[in-house]
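Protein chains in written order, with the numbering used here: chain A, 1 to 414; chain B, 415 to 828.
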């Protein structure tokens, strides 16, 4: 275990080197249930699409050479052999001087190589007058022209939306292999917190973190297990964590990581098994007490009790791990440039994150970033009011008013 | 019913005026299951948060005036009355010359109005030496300072993510009222399409649209009901649609809307009830045959069979309706400016949408929009390869090469 306060960069390195996170495995699911899941293997087509030469218009399948020279003034005549039905293998073939009626999407019959559009023809019984010539393959979508047998269509790691699921359906797949979703147990500690939905005793406040972190797990591609509030009592906490280690792939706790006499989380995590605590404390603001344990291959992230700190440290340190376990690629953060409305101070020697709201300054005709106060006042609403955050490096004292800053945006999937 | 081909703008107006879409109703669900749901009523706090004056540090609760003048050189002494326990109503009060031990988050006891930090004190038994003065309310988060009783915290229509769900938990809510999700039945028509997962008979192709549209329904906040492929046969189609009208709030079909002899969808939809067909055909490219029916209050959108056309017309015309039914606000589309790599032609008199891929032109140091061919060739992979689309107005013939265009981006939630 690291005895010193790690820098933010050291903490990220320690996570990578100790946890070595990777996807948890593969499961087969129905393609209809695959929305937002992550493809676990490359999707390879085992058929040509279309699987046959296909007409792209309503008209008559012909030999192109039979139409050469035909125009409005010099139409030519072909004999209609019959019709090609859509959705069926053609039961006829087209010889010289012959044509077969065909609709959009139907297979081109043997002998034909092109299709004359119906509006360029006139039919009487089995006699077809053709007013326009076609070239070879005209109005034909050739076998395999969209997707070739053996072609890789989507790569492993791709998240699945309507467009990707449509393409997989085209390959004839009704089941696909996706990465398993990591299950993540979430609990809050603290004698002062009560679960929402229960009466609020005097001196207590409602728990926020188990709810916000369960949702953050979903946003990261994991499956949360809500374990509620655990009293600040070593034996109960230990038993709850042992239980969570059986059913979950990772654990998130909040509260009880500072240095007060009741801050029993780090020591309890360390007692659960090997290797135990990895680090306790990172030079961050907010979020300094954030603690990481590893029991076997299962990480236990312990966040501070302050709701903004908990969600921010989750975002910085735990979310990338859960995303990897879920098979997702690193998240791209949307960035917006804006001008600081106030001086924003950093905490000496700590990577500082200032939550800000973005507004348009109509007078100055520019976007501005206005700090949303959090800090000691506990402000629960800080995050809900903010649009994103500004990051200040360890060696910078402050960002000055009117200085341009890059705001990392919270998104719907933050 | 409109007999003429509507313009895109007329079609949108016809939808608004005939469907008058609105949210379908409200249901109460667990806050833990509320991720991505839409809040149906304003969330009003019925308590002050914090519900008591709360210490923001570990230290001693005191009367501020007792500490005035104290510093390193002139410390003063107070008598420790006892401790305030976290999560409990204080069992003691603080008089003049007195102090009470307190931890972060614990309630300020009666008589005290501020907290001296532990690092500014020295304690020996019940004698406390104070090396620093505090002002009234210093290190105290006052009752209601974060959220006031009666305050509106979130507005109806808000989609719920980790931050919003955290704020609702703070109010003590374990259940909340959200808009019901519209159920949307999805079916494909066509004798040439086969459901994925089944063997592919000669002359047929796999159905794409029921899968991509089911997923698009989820992306729009609805709950899809997959009804598979219905043969191009009037009676079967009619029975399937009647069944769908019982269980679903809206219906999506694809295929069978062109003018071929087998295009039986519009006439069948019209026969289902009143008012029947609203329009059949919109001056769009792709997507011209798109058809809208309304049976009672339930819309039936019928898209062309071409996968790109189906998904695009869904996005343009049906998605806004499903979002309103789900209680969601209008979607904001992300826009990117880029330069056309090729001349992009519009279809005369039709609003044209050209799917494009965005690339960085390293030589020219700018983003370029490269058309992804679709059109008659059916290209299933068109959408999966594209990043977004460029819209060309009805009265514009083409966009020239090197002209700057605005690309409307597909997003994960497209």
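Glycine included, every Cβ here is placed at the ideal spot set by N, Cα and C.
Nothing here was measured: the structure is a model prediction, and the numbers come from that model.
Three-state secondary structure (DSSP) of residue i
i, result
"residue 560(B)", "coil"
"residue 581(B)", "helix"
"residue 90(A)", "coil"
"residue 546(B)", "coil"
"residue 668(B)", "strand"
"residue 451(B)", "coil"
"residue 818(B)", "strand"
"residue 846(B)", "Chain B is shown only over 415 to 828; residue 846(B) falls outside these bounds and no answer can be derived."
"residue 799(B)", "helix"
"residue 794(B)", "coil"
"residue 246(A)", "helix"
"residue 397(A)", "coil"
"residue 417(B)", "coil"
"residue 588(B)", "coil"
"residue 137(A)", "coil"
"residue 127(A)", "strand"
"residue 479(B)", "helix"
"residue 824(B)", "coil"
Residue range of the alpha helix (DSSP H) that includes residue i
i, result
"residue 99(A)", "Where residue 99(A) is concerned, there is no enclosing alpha helix (DSSP H), although the beta strand (DSSP E) it sits in stretches over 98-102."
"residue 265(A)", "265-270"
"residue 833(B)", "This structure does not reach residue 833(B), given that chain B is present from 415 up to 828, and the question cannot be answered."
"residue 9(A)", "8-19"
Range covered by the beta strand (DSSP E) that runs through residue i
i, result
"residue 342(A)", "No beta strand (DSSP E) holds residue 342(A); DSSP gives it neither H nor E."
"residue 463(B)", "Where residue 463(B) is concerned, there is no enclosing beta strand (DSSP E), given that its DSSP letter is neither H nor E."
"residue 360(A)", "351-361"
"residue 26(A)", "26-30"
"residue 430(A)", "No statement about residue 430(A) is possible, as the shown extent of chain A runs from 1 to 414 and does not include it."
"residue 77(A)", "76-83"
"residue 152(A)", "152-154"
Chain-ordered chain D contacts of residue i [CB-CB under 7 angstroms]
i, result
"residue 167(A)", "Of the protein chains in the structure, A and B, none is chain D."
Rounded distance between the beta-carbons of residue j and residue i, thought under 8 angstroms
i, j, result
"residue 105(A)", "residue 55(A)", "7 angstroms"
"residue 586(B)", "residue 200(A)", "6 angstroms"
"residue 268(A)", "residue 277(A)", "That pair is no contact at about 10 angstroms."
"residue 62(A)", "residue 34(A)", "With 8 angstroms as the limit, residue 62(A) and residue 34(A) do not qualify as a contact, their Cβ atoms being about 43 angstroms apart."
"residue 147(A)", "residue 49(A)", "4 angstroms"
"residue 80(A)", "residue 65(A)", "With 8 angstroms as the limit, residue 80(A) and residue 65(A) do not qualify as a contact, their Cβ atoms being about 18 angstroms apart."
"residue 296(A)", "residue 190(A)", "Rounded, the Cβ-Cβ distance is 27 angstroms, inconsistent with contact."
Which residue spans inside the region 693-739 of chain B form an unbroken alpha helix (DSSP H) run of at least 4?
721-727, 733-739
The region 732-748 of chain B: which residues have C-beta closer than 7 angstroms to a C-beta of chain A, in chain order?
none
Which of the residues in the region 485-506 of chain B, read from start to end, lie with their CB under 7 angstroms from any CB of chain A?
500, 501, 502, 503
Identify each residue in the region 459-475 of chain B for which the Cβ-Cβ distance to at least one residue of chain A is less than 8 angstroms, and report them in chain order.
461, 463, 464, 465, 466, 468, 470, 471, 472
Got a sec: which bits of the region 273-288 of chain A sit with their beta carbon under 7 angstroms from any beta carbon on chain B, in order along the chain?
none
What are the uninterrupted segments assigned as beta strand (DSSP E) that are 3 or more residues long and contained completely in the region 590-658 of chain B, given in chain order?
597-603, 637-644
Pull out every residue of the region 129-148 of chain A whose Cβ sits closer than 7 angstroms to any Cβ of chain B, in chain order.
Near chain B, meaning a CB-to-CB distance below 7 angstroms, the residues of the region 129-148 of chain A are 141, 145, 146, 147.
Mind checking the region 204-215 of chain A against chain B and listing, in chain order, the residues whose C-beta falls within less than 8 angstroms of any C-beta there?
Residues of the region 204-215 of chain A with a C-beta less than 8 angstroms from any C-beta of chain B: 204, 205, 206, 207, 208, 209, 210, 211, 212, 213, 214, 215, listed in chain order.
The region 509-520 of chain B: which residues have C-beta closer than 9 angstroms to a C-beta of chain A, in chain order?
517, 518, 519, 520
Which residues, in order along the region 216-235 of chain A, keep a beta-carbon less than 7 angstroms from a beta-carbon of chain B?
216, 218, 219, 226
Closer than 9 angstroms, Cβ to any Cβ of chain B: which residues of the region 168-188 of chain A, in chain order?
Within the region 168-188 of chain A, those residues whose Cβ lies closer than 9 angstroms to any Cβ of chain B are, in chain order, 168, 169, 170, 171, 172, 173, 174, 175.
Give, in chain order, every residue of the region 290-319 of chain A whose Cβ lies closer than 7 angstroms to some Cβ of chain B.
307, 311
Relative to chain A, which residues along the region 562-579 of chain B have a C-beta separation below 8 angstroms, given in chain order?
567, 568, 573, 574, 575, 576, 577, 578, 579
What are the residues in the region 14-43 of chain A lying within 7 angstroms of chain B by C-beta distance?
31, 32, 35
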